[in-house]
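What follows is one structure encoded as structure tokens, with my remarks underneath.
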Amino acid sequence: MKPFGLDGTQQEPQPKEIMNWKKFFIAFVAAFGFLFLFGFLWYAMLMHGAHQEVPALFRTESEFNEHFLWLVLGHIVMAFFLTLLCVRFVPAGGASPCALLGLFVALVYLGPHLITFAVQPITTKILWGWIVGSLIQFIVACSIIGTIYKTSSPVQGRF
Amino acid sequence: MKRFIFAFIAAFIFIFLWGWFYNGVLLKDVFAEAQSLFRPREEIMRLFHWIIISQAGLALAFVMIYASGFAGGGIAAGVRLGIMVEIFAVGARCAIYATQPFPAKLLVLISIGGFIEMIVTGVIVGAIYKPAVARTS
Numbered sequence: 001m002k003p004f005g006l007d008g009t010q011q012e013p014q015p016k017e018i019m020n021w022k023k024f025f026i027a028f029v030a031a032f033g034f035l036f037l038f039g040f041l042w043y044a045m046l047m048h049g050a051h052q053e054v055p056a057l058f059r060t061e062s063e064f065n066e067h068f069l070w071l072v073l074g075h076i077v078m079a080f081f082l083t084l085l086c087v088r089f090v091p092a093g094g095a096s097p098c099a100l101l102g103l104f105v106a107l108v109y110l111g112p113h114l115i116t117f118a119v120q121p122i123t124t125k126i127l128w129g130w131i132v133g134s135l136i137q138f139i140v141a142c143s144i145i146g147t148i149y150k151t152s153s154p155v156q157g158r159f
Numbered sequence: 160m161k162r163f164i165f166a167f168i169a170a171f172i173f174i175f176l177w178g179w180f181y182n183g184v185l186l187k188d189v190f191a192e193a194q195s196l197f198r199p200r201e202e203i204m205r206l207f208h209w210i211i212i213s214q215a216g217l218a219l220a221f222v223m224i225y226a227s228g229f230a231g232g233g234i235a236a237g238v239r240l241g242i243m244v245e246i247f248a249v250g251a252r253c254a255i256y257a258t259q260p261f262p263a264k265l266l267v268l269i270s271i272g273g274f275i276e277m278i279v280t281g282v283i284v285g286a287i288y289k290p291a292v293a294r295t296s
């Protein structure tokens, strides 16, 4: 079964759907919570040792604390637009189709990781850690969004 | 499928050329200001194939997202997707700014280039890829 018409035959002009803002907001908050918590556990805790192998590439703890608000802001922006992308991509919601979108998004951001590896002296351990981390992070975050933002009606529109 | 492949190839060529022109030519001096964060030029050239692979992966993923959930909306839907993808990337750059000592100016300029890149990619993909239903109607 081709879920969304990659064969190019299932796309038809659809009527616009009225967004359920309450579910959208709850999904956004949940996505933010997950992205931030997972990011802390994966990148700051599990990968701490790997990052310490190239300390010149990262801020010191005091510098990081000074810039902490940027980290929060970045995650808010990511969570908001990931939720928006899910809602636009799969208006009916659902964990599986949104997980597929999460996989696509992770593939989009695989590019910057590989470019970073090519231009910055990060280790392959860091590269793999970032790749696996973003795959888990985006697939799970999109699944959460899809589970929360689930309409009772069938797919009504995409754009 | 044919249009999918055309859209992917066109998007990849644009992303590659834009990446070279914007990052390699226009921002050359700005990148040089943060030289300590980057590999020496010879090393980058040795790993250059990873840049090409990553840009091909980006183009493929973009076309896949467009074809799976945005096709039928044409250029406007492509532009909307490009803007969403890039704003998401700006969020990621904010997180990078918090953890890596990049000059803010560099990240702002990269983001401006990213917006142009993703919007034009959206235009290209939206113009080339059309689902069967839209093509026949």
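Quick mapping for you: the protein sequence lines, in order, are chains H and A.
Per this note's numbering: the first sequence = residues 1 to 159.
Per this note's numbering: the second sequence = residues 160 to 296.
Beta carbons: idealized from backbone N, C-alpha and C, even for Gly.
Since we're looking at a predicted model, the values are computed, not measured.
Item                                                                                                 : Value
Where the segment 117-131 of chain H meets chain A: residues whose CB sits under 7 Å from a CB there : F117, A118, V119, Q120 and P121
Backbone CA spacing between A/W209 and H/T147 [nearest angstrom]                                     : 35 Å
Pairwise C-alpha distance: A/K161 and H/L37                                                          : 42 Å
Per-residue DSSP class, three states only, for A/Q259                                                : coil
First and last residue of the uninterrupted alpha helix (DSSP H) at A/R205                           : R200 to R205
Cα-Cα separation between A/G232 and A/Y181, rounded to whole angstroms                               : 29 Å
Per-residue contacts from H/W70 into chain A (C-beta, under 8 Å)                                     : C253, A254, Y256 and A257
A/Y256 beta carbon less than 8 Å from that of A/L268                                                 : no
Contact with chain H by A/I203, beta-carbon distance below 8 Å                                       : yes
Partner residues on chain H for A/F207, Cβ-Cβ distance less than 8 Å                                 : A118
Beta carbon proximity, A/Q194 to chain H, threshold 8 Å                                              : no
C-alpha distance - H/F80 paired with H/H51, whole-angstrom precision                                 : 28 Å
CA nearest to the CA of H/P112, picked from A/G178, A/R200, A/F163 and A/I164                        : A/G178
Where A/L186 sits in the DSSP three-state scheme                                                     : coil
Local conformation of A/K289 per DSSP, three classes                                                 : coil
Top-ranked residue by Cα proximity to H/L73, from A/M204, A/F247 and A/C253                          : A/C253
Cβ of H/E12 within 8 Å of any chain A Cβ                                                             : Unreliable placement is indicated for H/E12, whose pLDDT of 46 sits below 50; the coordinate value is still reported in the next sentence. At least one chain A Cβ lies under 8 Å of H/E12.
Rounded straight-line distance, which links the Cα of A/A193 to that of A/G285                       : 36 Å
Residue nearest to H/A56 in terms of C-alpha spacing, selected from A/Q259, A/I164 and A/Y288        : A/Q259
Minimum Cβ-Cβ distance from A/P262 to chain H less than 8 Å                                          : no
Residue-chain proximity (A/S270, chain H), Cβ-Cβ < 8 Å                                               : no
Cα-Cα separation, H/L41 to H/M47                                                                     : 9 Å
Nearest-angstrom Cα separation, counted from H/S62 out to A/F167                                     : 44 Å
Cutoff 8 Å: A/F180 Cβ touching any chain H Cβ                                                        : no
Cβ-based contacts, 7 Å cut-off: residues of the segment 207-231 of chain A near chain H              : F207, W209, I210, I212, S213, Q214, G216, L217, A220, F221, M223, I224, A226, S227, G228, F229, A230 and G231
Cutoff 8 Å: A/F197 Cβ touching any chain H Cβ                                                        : yes
Assigned exposure category for A/S227 - 16 Cβ within 10 Å defines buried                             : buried
Range of the contiguous alpha helix (DSSP H) that encloses H/G94                                     : H/G94 -> no alpha helix (DSSP H), and no H or E assigned at all.
Cutoff 8 Å: H/L135 Cβ touching any chain A Cβ                                                        : no
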